[in-house]
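**Student:** Please read through the structure below; I'll follow up with questions.
There are 6 protein chains.
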Amino acid sequence: MANVDTTLANASAAEAAIFDQLGQELYTAVVSDVLDRLGYRDQAMTADIRPVWAGATLIGRAHTVLSTDVYAVPDDPYEMEIRAIDSVPANHVLVAATNKSTRTCLWGELLSTATRVRGGRGAVIDGHTRDIAKITQMGFPVFATGMRPVDSAGRGKIISFGEPVVCGGVLVHEGDIVIADVDGVVVIPHAVEQEAIELARAKVAGENEMRDFLAHGATLREAYNRFGIL
Amino acid sequence: MANVDTTLANASAAEAAIFDQLGQELYTAVVSDVLDRLGYRDQAMTADIRPVWAGATLIGRAHTVLSTDVYAVPDDPYEMEIRAIDSVPANHVLVAATNKSTRTCLWGELLSTATRVRGGRGAVIDGHTRDIAKITQMGFPVFATGMRPVDSAGRGKIISFGEPVVCGGVLVHEGDIVIADVDGVVVIPHAVEQEAIELARAKVAGENEMRDFLAHGATLREAYNRFGIL
Amino acid sequence: MANVDTTLANASAAEAAIFDQLGQELYTAVVSDVLDRLGYRDQAMTADIRPVWAGATLIGRAHTVLSTDVYAVPDDPYEMEIRAIDSVPANHVLVAATNKSTRTCLWGELLSTATRVRGGRGAVIDGHTRDIAKITQMGFPVFATGMRPVDSAGRGKIISFGEPVVCGGVLVHEGDIVIADVDGVVVIPHAVEQEAIELARAKVAGENEMRDFLAHGATLREAYNRFGIL
Amino acid sequence: MANVDTTLANASAAEAAIFDQLGQELYTAVVSDVLDRLGYRDQAMTADIRPVWAGATLIGRAHTVLSTDVYAVPDDPYEMEIRAIDSVPANHVLVAATNKSTRTCLWGELLSTATRVRGGRGAVIDGHTRDIAKITQMGFPVFATGMRPVDSAGRGKIISFGEPVVCGGVLVHEGDIVIADVDGVVVIPHAVEQEAIELARAKVAGENEMRDFLAHGATLREAYNRFGIL
Amino acid sequence: MANVDTTLANASAAEAAIFDQLGQELYTAVVSDVLDRLGYRDQAMTADIRPVWAGATLIGRAHTVLSTDVYAVPDDPYEMEIRAIDSVPANHVLVAATNKSTRTCLWGELLSTATRVRGGRGAVIDGHTRDIAKITQMGFPVFATGMRPVDSAGRGKIISFGEPVVCGGVLVHEGDIVIADVDGVVVIPHAVEQEAIELARAKVAGENEMRDFLAHGATLREAYNRFGIL
Amino acid sequence: MANVDTTLANASAAEAAIFDQLGQELYTAVVSDVLDRLGYRDQAMTADIRPVWAGATLIGRAHTVLSTDVYAVPDDPYEMEIRAIDSVPANHVLVAATNKSTRTCLWGELLSTATRVRGGRGAVIDGHTRDIAKITQMGFPVFATGMRPVDSAGRGKIISFGEPVVCGGVLVHEGDIVIADVDGVVVIPHAVEQEAIELARAKVAGENEMRDFLAHGATLREAYNRFGIL
């Protein structure tokens with residue numbers, strides 16, 4: 064993960080390979096634990112943001128979006144939505160704050176297709192999505208609070224992108240690394256990005272030994288005394 | 064779908080075939096979109112009503128039921144429940160409003176069996192169901208807000224059927240067409256039934272072209288400019 | 064199930080076999096129904112406690128745990144947690160009340176491993192768990208209100224075990240039999256343990272006949288008149 | 064309070080005087096404490112049921128009512144409502160369970176007037192009321208979860224009265240004594256009615272001494288050691 | 064109330080007098096009842112929108128505002144807020160939809176002062192306000208879901224005004240008449256404005272007779288049979 | 064407020080006078096605004112924590128307490144409660160986190176009396192209190208989420224005091240200054256204590272001029288351009 068930032072501009076393929084690799088190695092629980100150790104204890108989103116198909120996982124940089132509920136259909140209802148999606152940088156994950164809307168449905172199949180074509184790696188929404196059957200078929204990882212079959216026109220409107228948002232209770236900045244799997248969604252603050260990833264890799268390696276120790280009958284007390292972790 | 068209403072009384076088998084066909088062609092998102100266009104913008108139920116087994120879908124006419132929580136076991140606790148189910152017309156879907164009860168469990172395997180035998184096509188409940196394992200085995204489509212293993216006697220009581228109810232936030236009249244899949248549940252008002260179905264069929268056909276256009280790299284802006292939809 | 068209590072101390076293997084057998088025969092709905100009949104009408108947990116992997120079921124005696132949210136990391140954050148798990152008796156199910164915490168994550172893979180090694184049969188938590196992928200791989204049955212990838216240190220602390228707790232709205236005492244499946248979680252009070260299990264076995268046998276009767280076209284009214292149950 | 068039951072039928076004026084007297088002497092906190100001591104620990108309603116005007120208090124026997132949300136205006140929308148109110152016995156308090164309805168408004172000025180004329184002493188509703196200004200002017204004590212200016216016709220319907228109901232989380236039987244003040248609402252089970260009232264009177268007397276002791280600078284430890292209560 | 068619309072532009076003082084008069088005569092419950100009769104049954108806001116000081120009432124035309132939660136402080140955080148308030152027409156009531164924000168505090172003393180100076184008659188907010196002590200001193204009627212002492216900059220942003228909004232569950236258009244008192248908030252749709260006001264005035268007159276009838280001991284049944292209302 | 068910390072140990076009377084003075088000058092909204100300016104934007108508690116009697120205000124240092132719901136009555140149910148209250152330092156305000164309990168009632172008249180005698184200045188609880196009538200009579204300022212007439216024994220248990228807690232969404236450390244009034248509750252972090260108080264005093268002085276400017280008819284735009292605040 065060395066020099067990710069300089070690599071990013073001219074080598075999205077290289078970063079894609081790095082993220083693919085990290086997606087194999089890491090999982091959210093271990094990332095959350097190392098962020099705890101680094102003093103970042105509020106980086107896991109609330110439990111209501113779930114994968115919309117079984118087995119979905121993602122890792123990438125956040126492309127932040129802010130949406131609000133509306134009650135009238137404007138002339139060009141999709142204008143900012145189109146700009147927000149057409150500007151997704153490669154290797155980014157759309158992270159959309161809808162202020163927990165239960166009215167609109169921000170995401171769907173067409174946005175998934177358009178995002179993937181630009182090199183986007185998934186979407187995390189504190190609101191609803193639709194087109195679950197087709198998104199599942201595509202294997203495009205989407206994490207959301209629910210499904211509802213409605214269109215966004217006249218229900219929700221994107222009002223900014225690239226600005227800091229709070230999604231699932233976590234403050235997310237454009238470009239922060241986001242990792243998500245069956246346990247939930249974790250955001251790695253930019254300031255500790257490399258350190259967190261290195262520590263997480265090391266912790267994964269260490270955990271296997273403790274698991275074996277327990278599986279062979281050790282008490283938790285013995286395991287904790289030996290490994291110092293839980 | 065021409066002349067569905069006159070057909071209904073004497074030809075439930077014919078209507079069953081029509082619904083089977085529509086269940087293959089249509090999905091809730093496209094139906095919701097055409098209802099938006101027709102000015103019916105509040106026809107999708109809230110996102111807490113979910114299929115109780117993966118892959119469940121249904122389409123049919125609503126047989127409405129209203130249930131309330133109770134706190135004493137009456138002499139014949141199931142009297143109205145039995146009448147409500149024994150009167151399910153062929154090709155109907157039980158749509159039960161429990162006022163979001165978390166106390167009772169209105170639905171279960173026996174009611175599913177009794178409904179299917181009468182030609183019923185499923186159940187939508189803004190409350191709980193039980194016997195999920197057996198309902199899944201039957202392949203009987205049930206949409207509900209949750210599961211709980213309790214009986215309804217002394218917990219909930221059906222107080223009317225065939226009357227308008229609000230289920231999942233949508234006003235449903237006896238006989239309205241209901242369609243449900245992984246994205247949620249949509250109710251088609253009787254007044255626009257045929258128009259909505261025809262428009263939905265046309266929209267399904269049109270969406271494939273746009274999907275291909277996007278998958279080949281077009282921006283959302285280009286796609287929206289060409290197809291005028293999102 | 065005769066003489067379960069005297070058997071328990073010196074014959075956990077025998078009891079394990081009994082529970083394995085009961086787990087095959089019984090399910091939560093039938094147990095809930097017989098408890099209703101015995102006058103215990105509040106024994107089913109709320110519907111927000113769900114299996115964390117499809118198909119999980121469990122039956123065993125409750126090992127109760129009480130956890131509270133905390134906001135500072137103590138010197139030995141896991142002390143009571145370790146004691147609570149290391150003291151799980153064979154054939155017990157950890158039943159943890161977190162007062163519906165959305166902050167901490169009480170359960171995970173290591174606790175599952177440690178519990179299974181001591182002969183524990185599962186966990187029921189009115190809060191969150193993590194490590195779903197590994198728990199699923201283990202086939203260890205866990206029922207919880209959600210998933211979140213955080214550690215418990217500085218978020219939740221176990222403050223007692225073996226005391227009565229309210230979990231999912233049900234008062235649970237150490238040693239009560241707990242049964243859980245896709246429909247939810249039911250607690251059998253100690254006072255009616257043997258009676259409830261015998262009645263439940265009998266009811267399972269009887270239900271098959273009624274199901275057939277309905278499947279062959281009887282109305283619910285006819286079925287209820289003949290069998291007297293629903 | 065001796066012989067309240069035999070007195071009740073032929074001497075509502077006498078019972079009114081007794082309730083007026085008890086209303087001066089007792090308050091909900093002391094009644095809740097003695098019910099705890101008698102083993103009845105779930106007799107205080109949830110905190111969302113509040114007096115609708117400052118200073119309202121009530122004591123009387125429960126006249127229970129069960130209401131459910133409806134979505135169609137029936138032919139005689141007020142039929143059961145009229146019967147429920149016209150049957151309020153003297154010295155009773157209407158206790159209405161609406162299953163926490165936020166749709167209908169069960170109570171209002173006319174029902175207050177009709178209830179008072181029959182000798183009714185107040186109303187406790189786990190739902191909304193209206194006509195607050197006039198009810199305040201009347202000095203009629205009403206406890207409810209909120210105010211909303213709508214009529215009940217087509218929104219809520221009373222489906223039974225005189226049956227056990229759960230209101231504010233407490234099971235209430237027709238005739239149970241209900242006491243309410245700024246701290247909330249407590250229900251005294253019939254079985255311990257006289258004992259609870261006698262103990263409560265005694266506790267009120269005893270508390271004054273401890274209050275003085277504390278006010279003169281004693282620590283809580285000293286006070287608890289001396290009086291054995293808190 | 065004849066010719067209110069043509070009067071409005073050049074005669075705000077005349078309309079102010081009309082509203083002052085209506086504010087004396089009418090109250091929300093009677094307005095809600097006549098709207099029911101006219102077929103508008105969803106015009107009362109949810110019960111969580113309350114007067115922030117005892118005795119506050121208001122009547123006027125809606126000046127609609129839509130606000131959304133934000134998480135970054137923009138360069139000119141108050142730009143739209145200033146425009147929305149500086150454009151309040153005389154005799155209007157600010158009706159603000161914040162999508163039930165618990166984060167920001169849209170209203171306060173300065174906005175109250177600025178609104179009153181322009182001839183505004185109050186504010187209705189489905190969110191929080193602050194400066195309650197000073198607003199109470201001013202006697203400026205504000206209805207809100209709660210109080211919180213925070214500024215809006217970086218927490219909420221007004222994104223439009225004059226557009227239809229949903230506030231407290233009711234669709235409100237710019238210019239609709241809004242009436243609020245201790246029972247809640249009701250919105251009169253423009254199409255039935257004059258008819259509703261005339262019917263409400265008539266109903267107020269009629270209710271006094273029924274109240275007297277009941278106060279003199281009539282049963283509800285007798286009163287309903289005679290007056291046909293409840 | 065200079066040298067508050069050194070003064071504290073030996074001169075609680077002097078600090079009491081300072082707090083009395085600040086309680087006259089400052090209010091929560093102005094303190095929240097200056098904390099925003101100093102970069103502390105999450106210091107206002109959620110809006111559900113309200114004064115339990117009209118006009119209650121408080122200012123003092125936090126004495127933090129953590130309570131959890133329990134379901135069994137322990138041998139000495141009040142042990143930690145007694146220690147927590149008997150250790151309230153002079154000029155402190157009890158700040159109790161109950162994890163939003165709706166079960167127990169942490170506060171009441173006796174604790175108010177005991178706290179006041181030790182020089183305590185009030186209580187802030189993210190849970191329930193009782194004895195409102197007597198607390199109001201005492202004029203002891205209590206802020207809570209609700210009232211309920213139950214005792215804490217067997218419902219809630221204090222498990223620590225003096226530790227950091229989250230109350231109303233704000234992290235509070237022992238000794239932080241807490242200020243509360245009708246707008247809500249604000250916590251001043253220790254690091255900016257003196258700076259925040261000086262800035263708040265200055266802002267109070269400045270606001271009067273702007274208020275006059277607006278009251279004389281200036282638009283918000285003119286006022287904002289001149290004063291640079293809102």
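Protein chains in written order, with our numbering: chain D, 64 to 293; chain V, 64 to 293; chain C, 64 to 293; chain W, 64 to 293; chain F, 64 to 293; chain R, 64 to 293. All C-beta atoms, glycine included, are put in the ideal place defined by N, C-alpha and C.
In angstroms with no decimal places, state the Cα-to-Cα distance between LYS220 (chain W) and VAL241 (chain R).
**Tutor:** Along the fourth sequence, read from residue 1 onward, the residue named residue 220 (chain W) stands at position 157. Along the sixth sequence, read from residue 1 onward, the residue named residue 241 (chain R) stands at position 178. Using only the alpha carbons, I get a separation of about 48 Å.
**Student:** Taking only the alpha-carbon atoms, compute the straight-line gap between THR109 (chain C) and PRO212 (chain V) and give it to the nearest angstrom.
**Tutor:** Along the third sequence, one-based indexing puts residue 109 (chain C) at 46. Along the second sequence, one-based indexing puts residue 212 (chain V) at 149. Between THR109 (chain C) and PRO212 (chain V), the C-alpha separation is close to 10 Å.
**Student:** Can you pull the chain F neighbours of GLU226 (chain D), defined as C-beta to C-beta under 9 Å?
**Tutor:** Here residue 226 (chain D) refers to the residue found at position 163 of the first sequence. Going along chain F in sequence order, the residues near GLU226 (chain D) (Cβ under 9 Å) are VAL133, TYR134, ALA135 and PRO137.
**Student:** Going by DSSP, what residue range makes up the alpha helix (DSSP H) through LYS266 (chain V)?
**Tutor:** What you label residue 266 (chain V) is simply residue 203 of the second sequence in a count that begins at 1. Note, LYS266 (chain V): alpha helix (DSSP H), 256-278.
**Student:** Just curious, the beta strand (DSSP E) that PHE224 (chain V) is in, first and last residue?
**Tutor:** Here residue 224 (chain V) refers to the residue found at position 161 when the second sequence is read from its first residue. Element bounds for PHE224 (chain V): 219-224.
**Student:** Compare the C-beta of THR208 (chain C) with all C-beta atoms of chain V and state if any pair is closer than 7 Å.
**Tutor:** Here residue 208 (chain C) refers to the residue found at position 145 of the third sequence. Output row for THR208 (chain C): interface = no.
**Student:** Note down, in chain order, each residue of its chain lying with its Cβ closer than 6 Å to the Cβ of LEU85 (chain F), except the 5 sequence neighbours on either side.
**Tutor:** Numbered from its first residue, the fifth sequence carries residue 85 (chain F) at position 22. Correct list, in chain order: ILE122.
**Student:** Answer with yes or no whether the minimum CB distance from GLY299 (chain V) to chain D is below 7 Å.
**Tutor:** Any question about residue 299 (chain V) goes unanswered here, given that chain V covers just 64 to 293.
**Student:** What does DSSP give as the partner residues of ALA107 (chain F) in its beta bridges?
**Tutor:** Position 44 of the fifth sequence, counted from the first residue, corresponds to residue 107 (chain F). BP columns for ALA107 (chain F) point to F:VAL249.
**Student:** Please list, in chain order, all residues of the same chain as GLY185 (chain W) whose beta carbon is under 6 Å from its beta carbon, the five residues on each side excluded.
**Tutor:** By 1-based counting over the fourth sequence, the position of residue 185 (chain W) is 122. Answer for GLY185 (chain W): LEU121, VAL156 and PRO204, listed in chain order.
**Student:** Determine contact between the region 249-256 of chain V and the region 93-113 of chain V, defined as no fewer than three beta-carbon pairs at a distance below 8 Å.
**Tutor:** Enough Cβ pairs lie closer than 8 Å, so yes.
**Student:** Starting from the Cα of VAL94 (chain V), find the closest Cα among V:TYR141, V:ASP189, V:ASN271 and V:ALA263 and give me that residue.
**Tutor:** For the purposes of this step, residue 94 (chain V) is taken as the residue at position 31 of the second sequence. Closest by alpha carbon: V:ALA263.
**Student:** Curious, which full-length alpha helix (DSSP H) runs of at least 4 residues does the region 174-226 of chain R contain?
**Tutor:** 195-201
**Student:** So, with DSSP's three-state summary, where would you put LEU85 (chain V)?
**Tutor:** As a working note, residue 85 (chain V) is residue 22 in the second sequence. Of the three classes helix, strand and coil, the one that applies to LEU85 (chain V) here is helix, per DSSP.
**Student:** VAL133 (chain C) to ALA125 (chain R), Cα distance in whole Å?
**Tutor:** For the purposes of this step, residue 133 (chain C) is taken as the residue at position 70 of the third sequence. For the purposes of this step, residue 125 (chain R) is taken as the residue at position 62 of the sixth sequence. Going from the Cα of VAL133 (chain C) to the Cα of ALA125 (chain R) covers about 17 Å.
**Student:** Among the residues of its own chain, which have a CB less than 7 Å from the CB of LEU277 (chain V), if the five just before and after it don't count?
**Tutor:** The residue you call residue 277 (chain V) lines up with position 214 of the second sequence. Same-chain partners within the cutoff: ALA286.
**Student:** What residues in the region 169-200 of chain W bring their beta carbon closer than 9 Å to a beta carbon of chain E?
**Tutor:** Among the protein chains of the structure shown, namely D, V, C, W, F and R, there is no chain E.
**Student:** Apart from the five residues on each side of it in sequence, which residues of its chain come closer than 7 Å, Cβ to Cβ, to LEU71 (chain C)?
**Tutor:** Indexing the third sequence from 1 puts residue 71 (chain C) at position 8. The predicted position of LEU71 (chain C) is uncertain, since its pLDDT is 46 and thus under 50; a value taken from the coordinates is nonetheless stated next. Same-chain partners within the cutoff: GLU78.
**Student:** Would TYR287 (chain D) pass as an interface residue toward chain V - the criterion being a Cβ-Cβ separation below 7 Å?
**Tutor:** Position 224 of the first sequence, counted from the start, is the residue given in the question as residue 287 (chain D). Not an interface residue.
**Student:** So which residues on chain V does ILE222 (chain W) lean against when the C-beta distance must stay under 9 Å?
**Tutor:** Locating residue 222 (chain W) in the fourth sequence gives position 159, counting from the first residue. Those within 9 Å of ILE222 (chain W) in chain V are THR131, VAL133, LYS220 and ILE222.
**Student:** Does DSSP classify THR91 (chain F) as helix, strand or coil?
**Tutor:** Along the fifth sequence, one-based indexing puts residue 91 (chain F) at 28. Three-state result, THR91 (chain F): helix.
**Student:** Helix, strand or coil for ALA125 (chain C), going by three-state DSSP, please let me know.
**Tutor:** Here residue 125 (chain C) corresponds to residue number 62 of the third sequence, with the count starting at 1. Of the three classes helix, strand and coil, the one that applies to ALA125 (chain C) here is strand, per DSSP.
**Student:** For HIS279 (chain R), count neighbouring Cβ atoms within 10 angstroms of its own Cβ and tell me buried if that reaches 16, exposed if not.
**Tutor:** For the purposes of this step, residue 279 (chain R) is taken as residue 216 along the sixth sequence, with counting starting at 1. Exposed is the call here.
**Student:** Look at the alpha carbon of GLY190 (chain V) and the alpha carbon of MET210 (chain V), and state the distance between them as a whole number of angstroms.
**Tutor:** In the second sequence, counting from the first residue as 1, residue 190 (chain V) sits at position 127. In the second sequence, counting from the first residue as 1, residue 210 (chain V) sits at position 147. Approximately 8 Å between the Cα atoms of the pair.
**Student:** Between the beta-carbon of LEU283 (chain F) and the beta-carbon of ILE222 (chain W), is there less than 7 Å?
**Tutor:** Within the fifth sequence, the letter at position 220 stands for residue 283 (chain F). Within the fourth sequence, the letter at position 159 stands for residue 222 (chain W). Their beta carbons are not under 7 Å apart, which means LEU283 (chain F) does not touch ILE222 (chain W) by this criterion.
**Student:** Determine the chain R residues that contact VAL249 (chain W) at a beta-carbon separation under 8 Å, and present them in chain order.
**Tutor:** On the fourth sequence, position 186 is the one that residue 249 (chain W) refers to. Chain R residues near VAL249 (chain W): PRO212.
**Student:** Would you please verify whether the beta carbon of VAL229 (chain W) is less than 7 Å from any beta carbon of chain V?
**Tutor:** The sequence position of residue 229 (chain W) within the fourth sequence is 166, counting from 1. At least one CB of chain V lies nearer than 7 Å to the CB of VAL229 (chain W).
**Student:** Since ASP96 (chain C) and ASP214 (chain V) are thought to touch, with beta carbons under 8 Å apart, how far apart are those beta carbons, to the nearest angstrom?
**Tutor:** Stepping through the third sequence from its first residue, residue 96 (chain C) is reached at position 33. Stepping through the second sequence from its first residue, residue 214 (chain V) is reached at position 151. The Cβ separation is near 5 Å, so the contact holds.
**Student:** 7 Å is my cut-off, CB to CB: does ASN154 (chain D) come that close to chain F?
**Tutor:** Here residue 154 (chain D) is taken as the residue at index 91 of the first sequence, counted from 1. No, no contact with chain F.
**Student:** Cutting at 6 Å between CB atoms, please list the residues of its own chain near ASP83 (chain D), excluding the five before and the five after it.
**Tutor:** In the first sequence, the residue the question calls residue 83 (chain D) occupies position 20. Result list for ASP83 (chain D): empty, nothing under 6 Å.
**Student:** So, using beta-carbon positions, are LYS302 (chain R) and GLU237 (chain R) closer together than 7 Å?
**Tutor:** Residue numbering for chain R in the displayed model covers 64 to 293; residue 302 (chain R) lies beyond these limits and cannot be assessed.
**Student:** Relative to the C-alpha of GLY247 (chain V), which candidate in V:SER75, V:ALA159 and V:PRO114 has its C-alpha closest?
**Tutor:** Counted from its first residue, the second sequence places residue 247 (chain V) at position 184. Of the candidates V:SER75, V:ALA159 and V:PRO114, the one whose C-alpha sits nearest the C-alpha of GLY247 (chain V) is V:PRO114.
**Student:** LEU234 (chain D) touches chain F at which residues, Cβ-Cβ below 8 Å?
**Tutor:** One-based indexing of the first sequence puts residue 234 (chain D) at position 171. Simply TYR134.
**Student:** Per DSSP, ALA117 (chain C) forms a beta bridge with which residues?
**Tutor:** The residue given as residue 117 (chain C) occupies position 54 in the third sequence. DSSP lists no partner for ALA117 (chain C).
**Student:** Who are the Cβ neighbours of VAL229 (chain C) in its own chain at under 8 Å, not counting the five residues just before and after it?
**Tutor:** Walking along the third sequence from the start, residue 229 (chain C) turns up at place 166. Closer than 8 Å at the Cβ level, and outside the excluded window around VAL229 (chain C), lie ALA160 and VAL235.
**Student:** Please report the straight-line C-alpha distance between ALA265 (chain W) and LEU293 (chain W), rounded to a whole angstrom.
**Tutor:** Translated into the one-based positions of the fourth sequence, residue 265 (chain W) becomes position 202. Translated into the one-based positions of the fourth sequence, residue 293 (chain W) becomes position 230. Taking the straight line joining both Cα atoms gives about 15 Å.
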